[in-house]
Amino acid sequence: MTSSADDRKHTIISVGQLPDKRIVDASLIVHVAGDRIVIERDVNDRPLVDALQQAGVERQQIILAYAGEPIDEPVA
179 MTSSADDRKH
189 TIISVGQLPD
199 KRIVDASLIV
209 HVAGDRIVIE
219 RDVNDRPLVD
229 ALQQAGVERQ
239 QIILAYAGEP
249 IDEPVA
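Residues in the sequence shown are numbered from 179 upward in steps of one, following our numbering.
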């Protein structure tokens, strides 16, 4: 997992090597925009949106950008 210096951007990166090919993937890309959590990409078997809601974050505070939900604020 990587995080930005201001702790507002987070990613999970996977790097692997097959005999004939190198594999690099970002399975999760998330950032905070104002008072919202913006999920840009989530290809994990347990979606972050579910975990956030179970932790008490209201659904309207979560933006699923990967599903086409609009981001109201510019990304810094």
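We put the beta carbon where it would ideally sit given N, CA and C, even for glycine.
Item: Would you mind sorting V208 into buried or exposed? The rule is 16 or more other CB atoms within 10 Å of its CB.; Value: buried
Item: For the alpha helix (DSSP H) that V227 lies in, which residues bound it at each end?; Value: 226-232
Item: Starting from R200, trace the beta strand (DSSP E) in both directions and tell me its first and last residue.; Value: 199-211
Item: Which whole-angstrom value describes the C-beta separation of A204 and I191, a residue pair presumed to lie in contact below a C-beta threshold of 8 Å?; Value: 5 Å
Item: Rounded to whole angstroms, how far is the Cβ of N222 from the Cβ of L242, which I believe are closer than 8 Å?; Value: About 13 Å; that fails the 8 Å criterion.
Item: Which residue from I215, Q232, E247, D250 puts its Cα closest to that of D185?; Value: I215
Item: Using the three-state DSSP reduction, which class does R237 fall into: helix, strand or coil?; Value: helix
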